[in-house]
Amino acid sequence: MSIIEFRKTSKNFGAVQVLNEVDLNIDTGEVVVLIGPSGSGKSTLLRCINGLEQITGGDLVVDGMSVKSGNANLRTIRQEAGMVFQQFNLFPQMTALENVAFGPRKVRGLSKSEAEAQALDLLDKVGLKERAHHYPSELSGGQQQRVAIARALAIRPKVMLFDEPTSALDPELKQEVLNVMRQLATEGMTMVVVTHEMGFAKQVGTRLIFMEHGIISVDGDPREMIDNPPSERLKDFLQHV
Ligand code: ADP
Ligand code: MG
Numbered sequence: 001m002s003i004i005e006f007r008k009t010s011k012n013f014g015a016v017q018v019l020n021e022v023d024l025n026i027d028t029g030e031v032v033v034l035i036g037p038s039g040s041g042k043s044t045l046l047r048c049i050n051g052l053e054q055i056t057g058g059d060l061v062v063d064g065m066s067v068k069s070g071n072a073n074l075r076t077i078r079q080e081a082g083m084v085f086q087q088f089n090l091f092p093q094m095t096a097l098e099n100v101a102f103g104p105r106k107v108r109g110l111s112k113s114e115a116e117a118q119a120l121d122l123l124d125k126v127g128l129k130e131r132a133h134h135y136p137s138e139l140s141g142g143q144q145q146r147v148a149i150a151r152a153l154a155i156r157p158k159v160m161l162f163d164e165p166t167s168a169l170d171p172e173l174k175q176e177v178l179n180v181m182r183q184l185a186t187e188g189m190t191m192v193v194v195t196h197e198m199g200f201a202k203q204v205g206t207r208l209i210f211m212e213h214g215i216i217s218v219d220g221d222p223r224e225m226i227d228n229p230p231s232e233r234l235k236d237f238l239q240h241v
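Position 140, counted from 1, in the sequence shown is what the working numbering calls 140; the numbers after and before it change by one each time, with no gaps.
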């Protein structure tokens, strides 16, 4: 069953068409890796899924709800699609634990102790239980990103959206974040991941999508596409990542 359905979805910023009648179905349990040149629309595609950007044409249905269908559904859609950004975006004045407990308290109405117990479990899951009371400024980039993943998971999303989650990290810190993402994939989480990590794509991706100029130009098996690129432009792109 498709949990995300792009139906001739378009997105314009003024005269600039960033998504051009995208048709794409993503099924529950898929790990879709999204690649493409800078400016091809990858971030915009992700941001439309959880309503951070409004679509301007066609439709986009998430778990049976159109993103166009009004505020009540949009709130539900945002809770169902957790997002992780390149720059972590943690609340700097809150500890790791408070960052993770914040959403469930606010959105799901959990008590402080319930939310913190759950947050501690999630920090444990991402290997950071012992850092629970540290502030973001006291954590490495890799640790901050793992807190950001725990924070997104705390809302109990059905889909996780990752926008270049390791691009801001030094090479030795990328792996600890990729390991957490690999574990999530193994547990069956539906994921859409914008990344240049082709090792991750090959190992964990169930599908690889190459975007250019707001359209999906190749969509297929990650291993086949990487080992034997079906288009010259993809081949060229892969040689430069
Ligand atoms: P990618 O993530 O693939 O690099 P983006 O989705 O960020 O691409 O951007 C695609 C295009 O949309 C770019 O040309 C970018 O300048 C434009 N764009 C993105 N966000 C905005 C915005 N808020 N206002 C105007 N143009 C934007
Ligand atoms: Mg981007």
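Yeah, the Cβ is synthetic: ideal placement off N, Cα and C, and Gly gets one too. In this text, all values refer to a predicted model and were calculated from it rather than measured experimentally.
Cα-Cα separation, residue i to residue j
i           : j           : result
residue 132 : residue 53  : 32 angstroms
residue 225 : residue 239 : 13 angstroms
residue 191 : residue 180 : 13 angstroms
residue 34  : residue 41  : 10 angstroms
residue 7   : residue 157 : 22 angstroms
residue 237 : residue 160 : 25 angstroms
residue 241 : residue 114 : 43 angstroms
residue 162 : residue 230 : 25 angstroms
Distance cut-off 7 angstroms: residue i Cβ against heavy atoms of the ligand MG
i           : result
residue 31  : no
residue 164 : yes
residue 194 : yes
Per-residue burial, residue i [other beta carbons within 10 Å of its own, 16 or more giving buried]
i           : result
residue 75  : exposed
residue 223 : exposed
residue 14  : exposed
residue 43  : buried
residue 188 : exposed
residue 11  : buried
residue 106 : exposed
residue 81  : buried
residue 25  : exposed
Residue interval of the alpha helix (DSSP H) (run including residue i)
i           : result
residue 179 : 171-186
residue 102 : 96-107
residue 83  : Counting along the chain, residue 83 falls outside any alpha helix (DSSP H), though it belongs to the beta strand (DSSP E) covering 81-84.
The ligand ADP heavy atom lying under 7 angstroms from the CB of residue i
i          : result
residue 41 : yes
residue 13 : yes
residue 44 : yes
residue 38 : yes
* To do: Kindly confirm or deny that the region 58-76 and the region 89-101 touch, where touching means at least three C-beta pairs closer than 8 angstroms.
  => no
* Indicate whether the contact test is met: 3 or more Cβ pairs, each with one atom in the region 12-21 and one in the region 73-87, closer than 8 angstroms. => no
* Take every Cβ of the region 166-180, pair it with every Cβ of the region 59-73, and state whether three or more of those distances are shorter than 8 angstroms. => No: the two stretches stay apart, fewer than three of their Cβ pairs being nearer than 8 angstroms.
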